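Residue numbers (the UniProt record's numbering), protein chains in the order written: chain A, 1 to 427; chain B, 1 to 427.
Here the structure is laid out as structure tokens; the discussion comes afterwards.
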């Protein structure tokens, strides 16, 4: 934590240092003060929506001129209505329970010392994300609610929008009596600014990359700042020998096709050999009707031929691919343990589901999985902070340390031991 | 987690891969099976103490021939009594509560889905440590108790001892029906084996370096495997204006001199200017009597001159040094906030103490610290898993993610969400 300010500080490091100062000022503030700042943010977003929308229009025009796809442009675009919705989301964050100050455990030791493990803010949270400007406000709001300073590094494609939004946020935060540097946009649009952020160990307490697999891989392998890995989801649905087959078809289609572009969508279905003859034709019909292309092993290809449905031959590439599209890999396995072995070999550790009426099979499957979430007779799509009832989500962690699965406000904190005595010494 | 076995696996990676297989086998085992293996280890250590002591004698002879200091040789040495004590420690671990399977939180969602967050083992835990062979058994026992496979990389100076100990452990584990590869010594005595371990991302779930600051710095900056940083303790004692000065002297001497070579010993004392005139002579007398050399600012030097005690002039090097010896840095500060600023600037984030009778000062000090533990009127030396009542300790984390402060068995686990429904789909 030794952090003297060298004269050679780059703009990114200087911003990180200011964030660290702001975090020190935020840490002791009670909830009411932080909530007041969040409400000021919501009000300011509504009052200054016009300037945000105008700045955004410049980003959108640039993106359009560069031939960006309409899907991406839609994610980038802010309207007055969308800004109002973002402000409303901030008000929802205000209403969430305060994670800071929670006593996680506590006891009075035999010698009379009072021991408390208390939740405290992490400090400076760096977030690296792609071209959705709403994330700028969501992430800042969750950081402030949990007492952290936010260092935001959005996509350069949304730089004008993010500058306008962060300007509004900083004014509101300062107006509420908090340091404006509690919310900062990482200066610069170049890749180099991301690299500097990754090397700001001792100034930035954690980096959360949100976005594509290659961004996340880069941050995880190159950062000296601790990282929370998010997002990649090569999720599996296993249909057991004792599955209710109608339920299995419904869960499979929902897991794959309800919204295929998200990390909790299913990418592979595995079917117990004992029900393959009955299940594969049902599944092929339903998946085809939902517009899904199946990439299957020999059993699925044969079933496809029987049903008059084209099944693409699957290779190892299919087992490891997160399609994020109307595609699914499919195999028949001899038994539950073979399904487990397949999943452990290929999963990204996000979410796996079993469909079964057999309590022993469900129990065994759950105990052998090494993933953040395991569904028993439920869609993989449920792995989500909002659906879990957390009220907010900063991302879905696929790592094991610190946070695993959907991350709410408590995952943006650490703890501190506070020990109170009256002159206690050790012997 | 994609981990096919390339033909080119080095011995270290091959060991990591076997550990991963063993971890998969360990994960679903209930407590009784794991406890049985631990009891078998304790019995085997006693039964085979002679061969352990013999192997250790070779290490000790080598160390002595190399001119190793007697302190280090003492840490390295195993006797029959010491092996019996290690076996007894293993039996203590058996008696600890099982962290695996604990439901951390749970609820029934509005749609009827049952949500449970359950503690599960991390998987493969790598531990890098120095020349104390008892750590080999302690670490293996804590890993097994928490359902993890242990990859142990001790000092090359204890290689023969560790090989003998791990041989005993593996036989006992296998005899109890668990995979022997749940406990492995990392093959090879070279530095390269540490580097390979640090690059085994996807096979090793966490690395815990225990030892000197330079080892820990290397692992933290070079490892692609997630690391839990342990140990460095530049701990502070702040004597407030409203301190009970007799209590302050006693706490200061206990914090510094009760055992100066450990991470929770105090390294700097800061004194409020309002009590400096009265406190410094008392402290100098007591510290001198305890054999402690003071490295002080001008006020301390002046007080030293008045008391006839030599006070070395302190520089920035003293503020940042973890002496681990009978030395302490000392300064007078104008007020509590100046003490806070000094500590935040120089601390390693381990433990800080305030001595005060003023509730407001205690509250402000606690809220402004950014360290793993804060003591109010208690010795810094209390930051310790055993003293906290955790029953066992794998290390003391000075980082914020995952674990902070003394790490017991729960810190060797992660969690998994288990969601149970009856065909639930998202809309």
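All residues carry an ideal CB built from backbone N, CA and C; glycine is no exception.
In this text the structure is predicted, and so the values were computed from the model without any measurement.
Item: List, in chain order, every chain B residue whose beta-carbon is nearer than 7 Å to that of residue 335 (chain A).; Value: Going along chain B, no residue has its Cβ under 7 Å from residue 335 (chain A), so there is no contact; the nearest lies around 16 Å.
Item: Is the CB-CB distance between residue 108 (chain A) and residue 114 (chain A) below 8 Å?; Value: yes
Item: I'd like the span of the beta strand (DSSP E) that includes residue 235 (chain B), first residue to last.; Value: 235-239
Item: What does residue 279 (chain B) reach in chain A if we use C-beta pairs closer than 9 Å?; Value: Neighbours of residue 279 (chain B) on chain A: none; closest Cβ ~15 Å, over 9 Å.
Item: Using a Cβ cut-off of 7 Å, which residues of the region 249-271 of chain A contact any Cβ in chain B, in chain order?; Value: 250, 251, 254, 258
Item: Note down, in chain order, every chain A residue with its Cβ under 7 Å from the Cβ of residue 372 (chain B).; Value: 416, 417
Item: Alpha carbons only, please: which of B:283, B:336, B:57 is nearest the one belonging to residue 330 (chain B)?; Value: B:283
Item: Mind checking if residue 169 (chain B) is an interface residue toward chain A, Cβ cutoff 8 Å exclusive?; Value: no
Item: Compare the C-beta of residue 177 (chain B) with all C-beta atoms of chain A and state if any pair is closer than 8 Å.; Value: no
Item: Determine the chain E residues that contact residue 399 (chain A) at a beta-carbon separation under 8 Å, and present them in chain order.; Value: Considering every chain present, this structure includes no chain E. Its protein chains are A and B.
Item: Can you name, in chain order, every residue of its own chain whose Cβ lies under 7 Å from the Cβ of residue 98 (chain A), other than the five neighbours on each side?; Value: 31
Item: What residues in the region 144-160 of chain B bring their beta carbon closer than 9 Å to a beta carbon of chain A?; Value: none
Item: Could you tell me the alpha carbon to alpha carbon distance between residue 4 (chain B) and residue 77 (chain A), rounded to whole angstroms?; Value: Bear in mind that a pLDDT of 47 at residue 4 (chain B), under 50, signals an unreliable position, so the number given afterwards is only what the model happens to contain. Rounded to the nearest angstrom, the two C-alpha atoms are 43 Å apart.
Item: How would you write the range of the beta strand (DSSP E) that residue 397 (chain A) sits in, first residue to last?; Value: 395-397
Item: I need the straight-line Cα distance from residue 9 (chain A) to residue 268 (chain B), nearest angstrom please.; Value: 29 Å
Item: Determine the direct distance from the alpha carbon of residue 134 (chain B) to that of residue 402 (chain A), and round the result to whole angstroms.; Value: 28 Å
Item: Can you give the Cα-Cα distance for residue 137 (chain B) and residue 324 (chain B), rounded to whole angstroms?; Value: 26 Å
Item: Using 8 Å as the threshold, is the C-beta distance between residue 412 (chain A) and residue 56 (chain A) below it?; Value: no
Item: For a contact defined as C-beta to C-beta under 8 Å, what are the partners of residue 390 (chain B) on chain A?; Value: Chain A residues near residue 390 (chain B): none, gap ~10 Å exceeds 8 Å.
Item: Where does residue 67 (chain A) land, buried or exposed, given buried means 16+ other C-beta within 10 angstroms?; Value: exposed
Item: Can you list, in chain order, the residues of its chain with a C-beta nearer than 6 Å to that of residue 178 (chain B)? Leave out the 5 residues immediately preceding and following it.; Value: 37
Item: Can you give me the Cβ contacts of residue 160 (chain B) inside the same chain, cut-off strictly under 6 Å, excluding the 5 residues immediately before and after it?; Value: 55, 58, 59
Item: Output the boundary residues of the beta strand (DSSP E) element that contains residue 264 (chain B).; Value: Element bounds for residue 264 (chain B): n/a, residue is neither H nor E.
Item: Can you list the alpha helix (DSSP H) stretches of 4 or more residues lying completely in the region 51-94 of chain A, in chain order?; Value: 70-76
Item: Between residue 297 (chain B) and residue 342 (chain B), what straight-line distance do the alpha-carbon atoms span, to the nearest angstrom?; Value: 13 Å
Item: So residue 377 (chain A) and residue 422 (chain B) are supposed to be a Cβ contact under 8 Å. How far apart are they, rounded?; Value: 5 Å
Item: Return helix, strand or coil for residue 428 (chain A), following the three-state DSSP convention.; Value: With chain A covering 1 to 427 only, the question about residue 428 (chain A) has no answer from this structure.
Item: Just to make sure I have the definition right: I need the residues of chain A whose C-beta is within less than 7 Å of the C-beta of residue 109 (chain B). Which are they?; Value: 389
Item: Under 8 Å between C-beta atoms, does residue 321 (chain B) make it to chain A?; Value: no
Item: Going by beta-carbon coordinates alone, are residue 236 (chain A) and residue 266 (chain A) separated by less than 8 Å?; Value: yes
Item: Using a C-beta to C-beta distance shorter than 7 Å, which residues of chain A count as neighbours of residue 379 (chain B)?; Value: 424, 425, 426
Item: Nearest to residue 390 (chain B) by alpha carbon, out of B:218, B:187, B:92, B:155?; Value: B:92
Item: Looking at the structure shown, is residue 41 (chain A) part of a helix, part of a strand, or coil, going by DSSP?; Value: helix
Item: By Cβ distance below 7 Å, which residues in the same chain neighbour residue 42 (chain A) in space, the five residues on each side in sequence not counted?; Value: 87, 90, 91
Item: How would you call residue 260 (chain A), buried or exposed, if buried means at least 16 neighbouring beta carbons within 10 angstroms?; Value: buried
Item: Can you have a look at residue 81 (chain A) and say buried or exposed, based on whether 16 or more other CB atoms are within 10 angstroms of its CB?; Value: exposed
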